[in-house]
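Taking it in order: structure first as structure tokens, then the write-up.
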Amino acid sequence: MDELPKKKSGSPFLRQCFVTAAVCTNIIAHGCVIGFSAILIPSLRLPESHIHATTSQESWIASIIGFALINGNFVITPLMDTVGRKKSHLLTIPPVLVGWFLTLLVNDVAGLIAARYLQGVAMGMLGPLGSIIIGEMTDPRNRGAFLTGVSLSLTIGVLFCHSLGVYFSWQQSALTCSFITFISCLLIIYTPESPSWLISKGRIEEAREVFIWLRGDDDQQMDELEKMIAAQATARKASVMDQGLPIRKKISYFFRYVRNTLKKPEFYKPIIIMVVLYMMFQFAGINIISSYATDIIRQVVGPDANANLIMVALDIERLICNILAVFLMKTMKRRTLLFFTGGICVLSYIGKGGYVYAKQNNLLSYDGQWIPLLLIGIYMFSLTVGISSIPFALSGEIFPLEYRGLGSGISVLSLSLNFFIALKCFPVLTSSIGLPFTYFLYAGVVTLCLATVWFMLPETKDRTLQEIEDEFRGLSPNDRKSVEPLNGRTEMLRRVSSHIMY
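So for the sequence shown, this note's numbering puts the first residue at 34; every next one is plus one.
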């Protein structure tokens, strides 16, 4: 195990801040990747550009990341459960660096798409991994605020990249963005392994040392540690049962495990919730406006608008609202914040669509540039305060340890698919049915997602991961004191099946 600093070197809170900073710096680098298409695509349209792209190729440059995310999702699911959270985190660095350098060296659109594909694979790996690392290594009292740092970091990355694009060429911007990835690599090297993963591998003493270093040794923290150890005690005893089994028996156990797992509410409920939340996140349009910012601004505000200046101003608003979200996550319930901002998002979608439709058909008795700017500002507020922060916070909270890697991988697969669909279809829809009806369509998707989550999502604020898991399992507070944390037979089947799946 990596050598940990002496306990007197800092408070548990500061150590949790350091671990979170390592994750968030990497996410900032990925935010640069998302925002890069907004400065790259307009630059390729310039006559002096040595690379030119068609409209279809431009949509591939923006959306290929979503397709690549899927590959990263499949890679990270077995990886973080076998080699650990830290090593998996380090493996997200090389694809991003190679992608930036490839971007600088290529001379055609295919090379640019290949470079962004590599970066998308790394993003797909970090998607489920980052929230899991923060969720497992931070105190429940501060976990929501730390997890909100995921969306805050994406915002900082997008703002940083868009700001570079105002003053520098896209080649200079790409080179500058690569340095963020180097910094994140250095931070990751000095972070410890997750105590939850160490416990799942039976390395109890190492886990205990890391847990105390991260969280302190007061009674409340030690009680949570003992509950985590107890939840894996039966699993460790059952782990030897899969040794020497014939392949036919393993296959039989695998299908039995899958059949039994799919029936468990602590497995399927969190997955359904996260699939729907990630769909809402993408169709709410946070990555759409990050990738097609200047095009959207010119369509909504007007062709004479200073699109670059407005783009940076919106990024600054997004950053401020993300900081506000950190404090709101500490004070407001998750459900309240989600449905409040979700409702505002739907109304702002309808407002923007109605405004553009009325403007295109000369139905406005009065018009001023402040009207679309206000509508876009309200829309950005709703996205960043709740819709873009709640899903990432919940992804680190609602999955049981037994299914955390698999569950996160499946749910983030939904994020990846919807990322690709939303970005690839947006320019197609706007050119075929127009921007107003595209907004109305996306507003309908967000409304449907909110209605689904309303009936399924429990409140998770200020609750331990074990308490959240127990609620999905349908256990009352009295049941939690007496029931065995995990079924040994089920855990044995899970371990047997892992030999086949991975």
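For every residue, glycine included, the Cβ atom is placed at its ideal position computed from N, Cα and C. Note that the coordinates shown come from a computational prediction; the quantities given were computed from them, not determined experimentally.
Contact belief for residue i with residue j at Cβ below 8 angstroms, rounded distance in angstroms
i: M413; j: A71; result: At roughly 14 angstroms, the Cβ-Cβ gap does not stay under 8 angstroms, so M413 and A71 are not in contact.
i: L446; j: I103; result: 6 angstroms
i: I213; j: T58; result: 7 angstroms
i: S422; j: T110; result: Not a contact, Cβ separation roughly 24 angstroms.
i: N339; j: T417; result: Wrong, their Cβ atoms sit about 22 angstroms apart, outside the cutoff.
i: S233; j: L434; result: 7 angstroms
i: I443; j: F314; result: Actually they are not in contact, since the Cβ atoms of I443 and F314 sit about 16 angstroms apart, beyond 8 angstroms.
i: G153; j: F201; result: Incorrect: roughly 23 angstroms between the Cβ atoms, too far for contact.
Alpha-carbon spacing of residue i relative to residue j, whole angstroms
i: K328; j: L137; result: Sequence check: residue 328 is Asp here, not Lys. Near 24 angstroms, if we compare the C-alpha coordinates of L137 and D328.
i: L407; j: L396; result: 19 angstroms
i: K119; j: M170; result: 12 angstroms
i: K457; j: A263; result: 47 angstroms
i: M156; j: G64; result: 9 angstroms
i: C482; j: R292; result: 27 angstroms
i: R527; j: F432; result: Because R527 carries a pLDDT of 39, less than 50, the predicted location of this residue cannot be relied on, and no value is offered for it.
i: S428; j: P491; result: 13 angstroms
i: E524; j: K363; result: The predicted model places E524 with a pLDDT of 40, which falls under 50 and marks its position as unreliable; any figure quoted below should be read in that light. Looking at the two C-alpha atoms, the distance is approximately 35 angstroms.
i: M365; j: N394; result: 42 angstroms
i: D251; j: F244; result: 11 angstroms
i: G376; j: I167; result: 28 angstroms
i: R368; j: R78; result: 44 angstroms
i: S184; j: N320; result: 11 angstroms
i: A95; j: S76; result: 13 angstroms
i: G163; j: T224; result: 13 angstroms
i: I216; j: L73; result: 24 angstroms
i: H532; j: K260; result: Residue confidence for H532 is low, a pLDDT of 28 falling below 50, so the modelled location carries little weight and cannot support an answer.
i: V60; j: R437; result: It is worth fixing the name first, because residue 60 is Ile in this sequence and not Val. Each residue's alpha carbon lies about 20 angstroms from the other.
i: Y388; j: Y311; result: 28 angstroms
i: E504; j: G177; result: 18 angstroms
i: P424; j: A358; result: 13 angstroms
i: I67; j: S324; result: 7 angstroms
i: W403; j: G190; result: 27 angstroms
i: K302; j: T493; result: 14 angstroms
i: S465; j: P405; result: 22 angstroms
i: G249; j: P173; result: 13 angstroms
i: T297; j: E502; result: Looking at the sequence itself, residue 297 is Lys, so the reference to Thr does not match. If I take the Cα positions, the gap works out to 11 angstroms.
i: L47; j: V333; result: 44 angstroms
First and last residue of the uninterrupted alpha helix (DSSP H) at residue i
i: G157; result: 142-170
i: P279; result: Taken as a continuous stretch (DSSP letters only), P279 belongs to no alpha helix (DSSP H), as it is neither H nor E.
i: P128; result: 126-138
i: V116; result: It is not in any alpha helix (DSSP H) - V116 carries neither H nor E in the DSSP assignment.
i: V333; result: 326-333
i: A190; result: Inspection of the sequence shows that residue 190 is occupied by Gly rather than by Ala. Its alpha helix (DSSP H) spans residues 173-200.
i: M489; result: 468-489
i: F432; result: Neither: F432 is in no alpha helix (DSSP H) and is coded neither H nor E.
i: N59; result: 45-77
i: S207; result: The displayed chain sequence assigns Ala, not Ser, to residue 207. Residues 203-222.
i: G410; result: 403-415
i: L231; result: 228-233
i: L370; result: 367-393
i: V309; result: 298-316
Contact set for residue i: own chain, Cβ-Cβ below 8 angstroms, skip 5 residues either direction
i: A207; result: F69, W133, T136, L137
i: G410; result: L347, E350
i: F316; result: N451, A455, Y475, V478, V479, C482
Contacts around residue i, its chain only, beta-carbon distance under 6 angstroms, and the 5 residues preceding and following it disregarded
i: T480; result: V379
i: P228; result: A240, V243, F244
i: V131; result: L151
i: T471; result: L462, T463
i: T294; result: F300
i: L258; result: F244
Close-in-space but distant-in-sequence residues of the same chain around residue i (CB under 7 angstroms, 5 per side omitted)
i: K41; result: Its pLDDT being 49, under 50, K41 is placed unreliably in this model, and the value from its coordinates should be taken loosely. Excluding sequence neighbours, K41 sits near nothing in its chain.
i: V309; result: C482, T485, V486
i: F360; result: none
i: W230; result: G117, R118
i: I330; result: A338, A340, I343, M344
contact_flag[the region 77-96, the region 135-153] where n(CB pairs < 8 angstroms) is 3 or more
yes
How do the region 335-353 and the region 192-201 stand: do at least 3 beta-carbon pairs fall below 8 angstroms, yes or no?
yes
Cβ pair count under 8 angstroms reaching 3, the region 378-393 against the region 484-502
Below 8 angstroms, too few C-beta pairs join the region 378-393 and the region 484-502 to call them touching: fewer than three.
Are the region 465-478 and the region 120-130 touching by the rule of at least three beta carbon pairs closer than 8 angstroms?
Not touching, per the Cβ criterion.
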